[in-house]
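Those protein sequence lines, which keep their order, are chains A and B. The opening position of the first sequence corresponds to residue 2 in the numbering used here, with each subsequent residue numbered one higher. The opening position of the second sequence corresponds to residue 2 in the numbering used here, with each subsequent residue numbered one higher. Glycine included, every Cβ here is placed at the ideal spot set by N, Cα and C.
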Amino acid sequence: EPEVTQTPSHQVTQMGQEVILRCVPISNHLYFYWYRQILGQKVEFLVSFYNNEISEKSEIFDDQFSVERPDGSNFTLKIRSTKLEDSAMYFCASGNRLAGNTIYFGEGSWLTVV
Amino acid sequence: SQQGEEDPQALSIQEGENATMNCSYKTSINNLQWYRQNSGRGLVHLILIRSNEREKHSGRLRVTLDTSKKSSSLLITASRAADTASYFCATGPKTSYDKVIFGPGTSLSVIP
Chain A
2 EPEVTQTPSH QVTQMGQEVI LRCVPISNHL YFYWYRQILG QKVEFLVSFY
52 NNEISEKSEI FDDQFSVERP DGSNFTLKIR STKLEDSAMY FCASGNRLAG
102 NTIYFGEGSW LTVV
Chain B
2 SQQGEEDPQA LSIQEGENAT MNCSYKTSIN NLQWYRQNSG RGLVHLILIR
52 SNEREKHSGR LRVTLDTSKK SSSLLITASR AADTASYFCA TGPKTSYDKV
102 IFGPGTSLSV IP
């Protein structure tokens, strides 16, 4: 079964450093998402992306965050200057209305900011 | 808010018993999805139920939806230790590219 893949699975970074989290959505999907889950808390929406632009973003997705689809397969989340409170599991997800409304999630990238 | 809210927050049962988790939401929906998350792992999609559906089955899973009460339930029959995980309901998407919004989840422990 096709799946969303994410790299790295775990990254430790120093506060203030830039981080790029990478995702390969399911190949025929058109809608892409990033979510995060702080340890022990609920899964929070960050941003949705369609047709090469942001469709919607949450309050969490401030100027330090950006997303990009640099080629036909990758979808990245960049955090410019990480803060301690950015430590969380980041999930990429994708969907395709033509294939139903199911949104599929990856295994997540665990980011630890020290 | 579309946000789903699950109850109970935590549930502990013996292997072989049935587990029922409930989800309530606040605004009208087109779809509602249930996901499972093993500790520290990704979100695995279980079932999507549309607003015009009342019940859906997948293996040992049964999901119901009552749009008049703005609630859904997930029933796992004949539970196994491997079912130990957190279970989340997520409302949406409303449109093609809309997001899903997660509730806080139910932590299920199945004791062998």
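CB contact below 8 Å: residue i versus chain A
| i | result |
| --- | --- |
| P94 of chain B | yes |
| I102 of chain B | yes |
| S2 of chain B | Unreliable positioning characterises S2 of chain B in this predicted model, as indicated by a pLDDT of 40, which lies under 50. A coordinate reading is not provided. |
| H115 of chain B | Summary: the structure shown does not reach residue 115 of chain B, with chain B confined to residues 2 through 113, and so no result is reported for it. |
| Y88 of chain B | no |
| P9 of chain B | no |
| G17 of chain B | no |
| L66 of chain B | no |
Contact belief for residue i with residue j at Cβ below 8 Å, rounded distance in angstroms
| i | j | result |
| --- | --- | --- |
| K79 of chain A | S67 of chain A | 5 Å |
| T107 of chain B | M22 of chain B | 4 Å |
| Y26 of chain B | K57 of chain B | The Cβ separation is near 17 Å, so there is no contact. |
| V48 of chain A | F89 of chain B | No, V48 of chain A and F89 of chain B are not in contact; Cβ-Cβ is about 19 Å, not under 8 Å. |
| E16 of chain B | A82 of chain B | 6 Å |
| V5 of chain A | A94 of chain A | 6 Å |
| S59 of chain B | T65 of chain B | With a Cβ gap of about 13 Å, S59 of chain B and T65 of chain B do not count as contacting. |
For residue i, the residue or residues it bridges with in DSSP
| i | result |
| --- | --- |
| A82 of chain B | For A82 of chain B, which the question treats as bridged, DSSP gives no partner whatsoever. |
| M90 of chain A | A:Q38, A:W111 |
| D8 of chain B | B:N23 |
| E54 of chain A | A:Y51 |
| H30 of chain A | The partner list for H30 of chain A (beta bridge, DSSP) is empty, contrary to what the question assumes. |
| F89 of chain B | B:Y36 |
| K57 of chain B | B:V64 |
| V111 of chain B | B:I14 |
Neighbour flag for residue i against chain B, beta carbons, 8 Å
| i | result |
| --- | --- |
| E57 of chain A | yes |
| N53 of chain A | no |
| Y91 of chain A | no |
| I61 of chain A | no |
| F66 of chain A | no |
Beta-carbon proximity list for residue i, same chain, < 6 Å, skipping 5 on both sides
| i | result |
| --- | --- |
| F76 of chain A | C24, P26, F33, R70 |
| S87 of chain B | Q38, G106, S108 |
| M90 of chain A | Q38, G109, W111 |
| F50 of chain A | F33, V68 |
Own chain, CB closer than 7 Å to residue i, minus 5 neighbours either side, in chain order
| i | result |
| --- | --- |
| V111 of chain B | I14, E16, S80, R81, A82, D84, T85 |
| Q3 of chain B | Per-residue confidence for Q3 of chain B stands at a pLDDT of 45, beneath the threshold of 50, marking its modelled position as unreliable; the derived number appears in the next sentence. Within the same chain, Q3 of chain B has close Cβ partners Y26, K27, T28, I30, T92, G93, I102. |
Positions along the segment 15 to 43 of chain A whose CB lies within less than 7 Å of some CB in chain B: Y32, Y34, K43
Using a Cβ-Cβ cut-off of less than 7 Å, give me the residues of the segment 70 to 86 of chain A that come near chain B, in sequence order. none
What are the residues of the segment 28 to 44 of chain B that lie near chain A, defined by any Cβ-Cβ distance shorter than 9 Å? N31, N32, Q34, Y36, Q38, G41, R42, G43, L44
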